[in-house]
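Protein chains: 2
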Amino acid sequence: MKFSLEAQDPNTKARAGRITTDHGEIETPIFMPVGTLGAVKAVHMHELKTFIDAQIILGNTYHLYLRPGTDVIEKAGGLHKFNSWDRPILTDSGGYQVYSLSAIRKIKEEGAEFRSHIDGSKHFFTPEFVMDVQRKIGADIIMAFDECTPYPCDYKYAVNSMGMTHRWLERCVKRFKETESPYGYSQTLFPIVQGSVYRDLRKQSAEFIASMDMEGNAIGGLSVGEPDADMYEMTELVCDILPKEKPRYLMGVGTPANILEGIALGVDMFDCVMPTRNARNGMLFTQSGIINIKNEKWRSDFSPIDPDSDCEMMRTHTKAFLRHLVHENEMLGAQISSINNLSLYLWLVRQARKKIKEGTFTPWKKEMVVKLMTRL
Amino acid sequence: MKFSLEAQDPNTKARAGRITTDHGEIETPIFMPVGTLGAVKAVHMHELKTFIDAQIILGNTYHLYLRPGTDVIEKAGGLHKFNSWDRPILTDSGGYQVYSLSAIRKIKEEGAEFRSHIDGSKHFFTPEFVMDVQRKIGADIIMAFDECTPYPCDYKYAVNSMGMTHRWLERCVKRFKETESPYGYSQTLFPIVQGSVYRDLRKQSAEFIASMDMEGNAIGGLSVGEPDADMYEMTELVCDILPKEKPRYLMGVGTPANILEGIALGVDMFDCVMPTRNARNGMLFTQSGIINIKNEKWRSDFSPIDPDSDCEMMRTHTKAFLRHLVHENEMLGAQISSINNLSLYLWLVRQARKKIKEGTFTPWKKEMVVKLMTRL
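Chains as they are written, first to last, in our numbering: chain Y, 1 to 376; chain X, 1 to 376.
Below, the structure written as structure tokens:
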């Protein structure tokens, strides 16, 4: 993996860059659609390319390990071959899912024991095992196995958890360096900063993570329920410590406004289930603001879903048509809504990149944060 | 509407033709994907064009009248404007749905009173009212309001019902001729032959329907549970009476084999929910046979969904990937399966047309009926 910085906003810490992987380039800042089970929910691969222009998608180690199972993906020749997505992929380590989804879990120094949320079967994830699984899944960017602390989290728990996440990271890096991709292309490992909302811990964690000297770095344990102000404070503190010449990935964030604020603080990569999950509940992000498409008010509104969208489908279909589909629980409603939201998110980061390069990011951001979060 | 016959198979009654409507041409024999609520379930409009090459889709008067409501479609400027489908549309009259879906119904000479299956609200469909609704929905081809008799149906009931269907037809035709399309393009009305599985009634009904001298004719009340042999016998009898120079539409049929047999008997148009409904249950039609994609046997089968398909998506995605999606209840599984089945159905009628023109329909049909219905 290579990362090159192409522009720096004069007024904020926002930057435009380019990540090069063996599966192609990623222009940053970037939003990565979440494909939990190896496919973005309700969206075809061809649509991710033509309507959304997704440059990288995310897969979930926890889910893929359980279903279809690492063996199936390995036999397929890796996730790219399995799901026919030939652009870059990132897999998270499953740390977050072990804590948020699994039925019963025991965290020990050795690793995390848990029961599957699907069938209750018992599993044990160690840092080494998670590296091996992610090697077999074969994403271009893989993530360290960490503990994502909840919010609120008392100081003592946060200290101990961070310590373990750091020791697990050393084991991840060791295993990662001892192994190689089974599929002939290169993979890179991102470590994850933890430390909850404690400034001293975040500083300590960011310094430790930076010292590991990996090709990119991630910020975890945020967007888990804390106030936005805390998230921004921690992000800024961490970004100022993480090396400039490497991409920074803020995990699990967020709303369009969160993403713009994150970019302003120096973040290059984002992922979140929000655009697709909210789409399935009838909540649309548009360039004019947020729409609850189920509302009666759209019943006879024959204006385009988003007249300003650069996605043709949103300029063609009307709010009334989409409202009808969503109201009747037609899958096609969720499909169109998901494409709408993802195309808005990708448009947003493309625009941010353009504005950073033009040096007009700050005024544009100020206007967009208000506009995009307006309830229509 | 115009219909021209282009070829006649020398060994069967199969024919190739061309229907011209104000929204474009339809090459027959044709299969019409069902878009109950104005959109084919789980399939985008752009996919109907690019992956499936659907030439005409079907909408449901009963459903569209209830949701989004005739007023919304009228305000939109008709169904084509509402759903952004610019090729031909056919709407059925709602007769079938009144009997199969609505909670309580009373059939009188005047019309059918029923309660909505959604909210129990009371409605009254008369032949005149159904013509008015279909004028407002604005399909290119609209259907007469009839009673679709169930199977089995005693002779006396079938006689009386057929008589009423014929009287309703006269009222439909009268109202249709007194009115015109509100949207400036032409609409045509197809009457429907009934008569259950009784030869004398089918003959009587077909003669009556032919005497109405409309631009096309339909055969209803079949594929409702009777043995295939009865369906074919009635279809043959009716096709021999209905005029050659007009398209014949066999409503609600059927499996790939049913369609090939129907074509051989002189049918030009088909519709059925089977390809999309079965797709949502994991049943795939392929050129090699029928697949239950949920089966464990496909878990690590990395061969294409249908290697012979003329739909690129089915040559790209593997059975193992689709099995994974369907197994995990991912919407995308239903989406890909629906496109697969519809693309197979449309391929089938295109091939039939080609074989009819080449004079090789009979041996090809014999081979395909066995092949397509094989369980893999």
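Note that the Cβ used here is the ideal one computed from N, Cα and C, for glycine as well.
Just so we're clear, the structure is a prediction, and the values are computed from it rather than from any experiment.
Query raised in the report: Is A112 (chain X) helix, strand or coil by DSSP?
Result: Position 112 of the second sequence, counted from the start, is the residue given in the question as residue 112 (chain X). The DSSP-derived three-state label of A112 (chain X) is strand.
Query raised in the report: Fully enclosed by the stretch 307 to 374 of chain Y, which alpha helix (DSSP H) runs are 4 residues long or longer?
Result: If we require 4 residues or more, the alpha helix (DSSP H) runs fully inside the stretch 307 to 374 of chain Y come out as 312 to 316, 319 to 327, 331 to 358, 361 to 372.
Query raised in the report: Skipping 5 residues on each side, what residues in its chain have a beta carbon closer than 7 Å to that of D71 (chain Y)?
Result: Stepping through the first sequence from its first residue, residue 71 (chain Y) is reached at position 71. No residues qualify anywhere along the chain.
Query raised in the report: Thinking just about the alpha-carbon of each residue, which of Y:M231, Y:P191, Y:R199, Y:S196 is nearest to the one in F208 (chain Y)?
Result: For the purposes of this step, residue 208 (chain Y) is identified with residue 208 of the first sequence, where counting begins at 1. It is Y:P191.
Report task. With 7 Å as the limit, tell me which residues of the stretch 54 to 78 of chain Y have their beta carbon closer than that to any beta carbon of chain X; keep them in chain order. Result -> R67, P68, V72, K75, A76
Query raised in the report: Using 7 Å as the limit for Cβ to Cβ distance, is T286 (chain X) near chain Y?
Result: Residue mapping note: residue 286 (chain X) aligns to position 286 of the second sequence, counting from 1. Closer than 7 Å: no.
Query raised in the report: What is the DSSP secondary structure of Y185 (chain Y), counted as helix, strand or coil?
Result: Here residue 185 (chain Y) refers to the residue found at position 185 when the first sequence is read from its first residue. DSSP places Y185 (chain Y) in coil when its eight states are reduced to three.
Report task. Could you please give the first and the last residue of the uninterrupted beta strand (DSSP E) stretch that includes K106 (chain Y)? Result -> For this step, residue 106 (chain Y) is matched to residue 106 along the first sequence. Where K106 (chain Y) is concerned, the enclosing beta strand (DSSP E) stretches over 105 to 107.
Query - Within chain X, partners of K41 (chain Y) - CB distance below 9 Å - result: Looking up residue 41 (chain Y) in the first sequence gives position 41. Within 9 Å Cβ-Cβ: E330, M331, L332.
Report task. Only counting runs of 3 or more residues, tell me where the beta strand (DSSP E) segments fall wholly within the stretch 167 to 220 of chain Y, in order along the chain. Result -> 188 to 190, 217 to 219
Requested in this report: Tell me, to the nearest whole angstrom, how far the beta carbon of T179 (chain X) is from that of M131 (chain X); I am working on the premise that it is less than 8 Å.
Outcome: To locate residue 179 (chain X), count along the second sequence from 1; it is residue 179. To locate residue 131 (chain X), count along the second sequence from 1; it is residue 131. Their Cβ separation, rounded to whole angstroms, is 7 Å, which keeps T179 (chain X) and M131 (chain X) in contact under 8 Å.
Requested in this report: Return the CA-CA distance between W85 (chain X) and A54 (chain X), expressed in angstroms with no decimal places.
Outcome: Here residue 85 (chain X) refers to the residue found at position 85 when the second sequence is read from its first residue. Here residue 54 (chain X) refers to the residue found at position 54 when the second sequence is read from its first residue. Taking the straight line joining both Cα atoms gives about 11 Å.
Query raised in the report: Taking 7 Å as the CB-CB limit, is T28 (chain Y) close to chain X?
Result: As a position in the first sequence, residue 28 (chain Y) is number 28, starting the count at 1. Answer no: the Cβ-Cβ gap between T28 (chain Y) and chain X never drops below 7 Å.
Query raised in the report: Ordered along the chain, which non-local residues of its own chain (more than five positions away) have a Cβ less than 7 Å from that of A257 (chain Y)?
Result: For the purposes of this step, residue 257 (chain Y) is taken as residue 257 along the first sequence, with counting starting at 1. Around A257 (chain Y): V369, L372, M373.
**Report entry** N-terminal and C-terminal residue of the alpha helix (DSSP H) that K2 (chain X) is part of
**Finding:** Taking the first residue of the second sequence as 1, we reach residue 2 (chain X) at position 2. K2 (chain X) -> not in any alpha helix (DSSP H); beta strand (DSSP E) instead, spanning 2 to 8.
**Report entry** Three or more C-beta pairs below 8 Å linking the stretch 78 to 92 of chain X and the stretch 35 to 45 of chain X
**Finding:** Yes: the two stretches touch, three or more of their Cβ pairs being nearer than 8 Å.
Query - Neighbouring residues, chain X, relative to T316 (chain Y) (Cβ below 7 Å) - result: By 1-based counting over the first sequence, the position of residue 316 (chain Y) is 316. Ordered by position in chain X, the residues that pass the 7 Å Cβ test against T316 (chain Y) are S84.
Query raised in the report: Can you tell me where the beta strand (DSSP E) with G59 (chain X) in it begins and where it stops?
Result: Along the second sequence, read from residue 1 onward, the residue named residue 59 (chain X) stands at position 59. That run of the beta strand (DSSP E) goes 57 to 60.
Query raised in the report: Cα-Cα, which of Y:N11, Y:T12, Y:R18 is closest to E245 (chain Y)?
Result: By one-based count along the first sequence, residue 245 (chain Y) stands at place 245. Looking at the Cα atoms, Y:R18 is the closest of the given residues.
Report task. For A139 (chain X), go through chain Y and note every residue whose CB falls closer than 8 Å to its CB, in chain order. Result -> Position 139 of the second sequence, counting from 1, holds the residue named residue 139 (chain X). What A139 (chain X) touches in chain Y: nothing, since even the nearest Cβ is about 16 Å away.
**Report entry** Contact residues within the stretch 333 to 357 of chain Y, judged by C-beta distance below 7 Å to chain X
**Finding:** A334, Q335
Query raised in the report: Could you give the distance in angstroms between the alpha-carbon of F129 (chain Y) and the alpha-carbon of S161 (chain Y)?
Result: Reading the first sequence from its first residue, position 129 is the one you call residue 129 (chain Y). Reading the first sequence from its first residue, position 161 is the one you call residue 161 (chain Y). Going from the Cα of F129 (chain Y) to the Cα of S161 (chain Y) covers about 19 Å.
Requested in this report: Give every residue of the same chain whose Cβ lies closer than 6 Å to the Cβ of E261 (chain X), excluding the five residues on either side of it in the sequence, and list them in chain order.
Outcome: The count along the second sequence starts at 1 and reaches residue 261 (chain X) at position 261. Only Y232 meet the Cβ criterion.
Query - Residues from the stretch 283 to 311 of chain X in contact with chain Y, defined by Cβ distance under 9 Å - result: R299, S300, F302
Query - Pairwise C-alpha distance: L344 (chain Y) and E113 (chain X) - result: Residue 113 (chain X) sits at position 113 when you count from the first residue of the second sequence. Residue 344 (chain Y) sits at position 344 when you count from the first residue of the first sequence. Here the alpha carbon of E113 (chain X) sits roughly 47 Å from the alpha carbon of L344 (chain Y).
Query raised in the report: Taking all protein chains shown into account, do 16 or more other C-beta atoms lie within 10 angstroms of the C-beta of D308 (chain Y), making it buried, or fewer, making it exposed?
Result: Against the first sequence, residue 308 (chain Y) aligns to sequence position 308. When all chains shown are included, D308 (chain Y) counts as exposed.
**Report entry** Test item: CB-CB of V326 (chain Y) and G282 (chain Y) under 7 Å
**Finding:** Sequence index remark: in the first sequence, residue 326 (chain Y) carries index 326 (1-based). Sequence index remark: in the first sequence, residue 282 (chain Y) carries index 282 (1-based). Contact: yes.
Query raised in the report: Taking all protein chains shown into account, do 16 or more other C-beta atoms lie within 10 angstroms of the C-beta of T21 (chain Y), making it buried, or fewer, making it exposed?
Result: The sequence position of residue 21 (chain Y) within the first sequence is 21, counting from 1. The residue is buried, with at least 16 neighbouring Cβ atoms inside 10 Å.
Report task. Starting from the beta carbon of A320 (chain Y), find every residue of chain X whose beta carbon is closer than 9 Å, and list them in chain order. Result -> As a first step, residue 320 (chain Y) is located in the first sequence; it is residue number 320 there, counting from the start. Those within 9 Å of A320 (chain Y) in chain X are P68, V72, K75, A76, F82.
Report task. Identify the contact partners of L37 (chain Y) in chain X, using a Cβ-Cβ distance below 8 Å as the criterion. Result -> On the first sequence, residue 37 (chain Y) is found 37 positions in, with the first residue counted as 1. Those are H324, L325, E328, E330, listed as they occur along chain X.
Query raised in the report: DSSP on G289 (chain Y), reduced to helix/strand/coil?
Result: Numbered from 1 along the first sequence, position 289 holds the residue referred to as residue 289 (chain Y). Of the three classes helix, strand and coil, the one that applies to G289 (chain Y) here is strand, per DSSP.
**Report entry** Residues near Y198 (chain X) in its chain [Cβ-Cβ closer than 7 Å; skip 5 each side]
**Finding:** Numbered from 1 along the second sequence, position 198 holds the residue referred to as residue 198 (chain X). Correct list, in chain order: Y155, A158.
Query raised in the report: Excluding sequence positions up to five away, which residues of its chain have a Cβ less than 6 Å from the Cβ of G216 (chain Y)?
Result: Within the first sequence, the letter at position 216 stands for residue 216 (chain Y). So the qualifying residues of the chain are F190, K246, P247.
Query raised in the report: Any idea what DSSP makes of K81 (chain Y), helix, strand or coil?
Result: What you label residue 81 (chain Y) is simply residue 81 of the first sequence in a count that begins at 1. Helix at K81 (chain Y).
Query raised in the report: In three-state DSSP terms, what is G441 (chain X)?
Result: Residue 441 (chain X) is absent from the structure shown; chain X starts at 1 and stops at 376.
Report task. For M283 (chain Y), write down the residues that DSSP places opposite it in a beta bridge. Result -> Mapped onto the first sequence, residue 283 (chain Y) falls at position 283. Its beta-bridge partners are Y:N292.
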